[in-house]
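In this note's numbering, the protein residues as written are 1069 to 1362. We put the beta carbon where it would ideally sit given N, CA and C, even for glycine. Please read the structure below before turning to the comments.
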């Protein structure tokens, strides 16, 4: 009993320090506001950035809880040498939460890695698309849709608007699977018009999303403007070389190839300036929400 009390007493400063830290963070968030008078446009990967921030905070909490659980487990192992019954009880109580939080920490760490990879891909594609601004195109990033309560929020990664047409770009960033320690083989994916053939197998990841989100964006703008707005879907695979062997309504390209799709299109306009301006105004209104205080 005395050892247990000493152990709890030793944890008191630990809890006190972290308690004060969390309290200070909470107070600062309540008392400080952003100085901006106008909201900013969403940058590439804004939704993923917010998820990364939220998940990072959860990971910090998991690490703290796991650290406490590991200390209790260690105390239980030490107690076994003093009292088999007392140590066994402590281990029986502390081991399950230790294993649960260890597993959750691992899963969230893997998810954070995927989010960071996706965010990097969004940034790469966004950087490539921003070069189109000099050619008269308008580019919007991370267009979020949450009009239907109860349904999952989704976003169109990138939207390009200009006299030469309307385009909705879906970005999918896949890691290269290293089989050998020194694997320098090129990152090549084959698109046959229906599916993607990666070095590890055939899949259609991203193809359905690109078409569905392009269609949803077209329907939303058509309904809002009372004029037909048809977006062409594009699937961008940053970091991969894309070999196309079949025909499809869907453009599948690497991040570096994006600018080639738009080359010269504005010189052959398919939309009048009034319609282009109206579409850009709606998209600007929808994407200009960065800097809002919660």
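A Cβ-Cβ contact shorter than 7 Å links residue 1111 with residue 1209. About 6 Å separates the beta carbon of residue 1197 from that of residue 1326, a gap short enough to meet the 8 Å contact definition. Listed in chain order, the non-local C-beta contacts of residue 1255 below 7 Å within the same chain comprise 1244, 1307, 1308 and 1309, local neighbours out to five positions each way being set aside. By the neighbour-count definition (other C-beta atoms within 10 Å, threshold 16), residue 1236 is a buried residue.
Along the region 1286–1335, the alpha helix (DSSP H) occurs as fully enclosed runs of 4 or more residues at 1326–1330, listed in sequence order. If you compare the alpha carbons of 1280, 1166, 1179 and 1169 with that of residue 1120, the shortest gap goes to 1179. Per DSSP, reduced to three states, the secondary structure at residue 1266 is strand. Short of 6 Å from the beta carbon of residue 1186, and not among the five residues preceding or following it, lie these beta carbons of its own chain, in chain order: 1116 and 1241.
Taking the Cα of residue 1139 as reference, the smallest distance to any Cα among 1152, 1166, 1275 and 1200 is reached at 1166. In this structure, the beta-carbon distance from residue 1358 to residue 1108 falls below 7 Å. Residue range 1152–1197 is occupied by the alpha helix (DSSP H) that includes residue 1171. Rounded to the nearest whole angstrom, the C-alpha separation of residue 1132 and residue 1169 is 10 Å. Comparing alpha carbon positions, the residue from 1129, 1239 and 1234 closest to residue 1204 is 1234. Nearest Cα to residue 1324 within the set 1303, 1346 and 1337: 1303.
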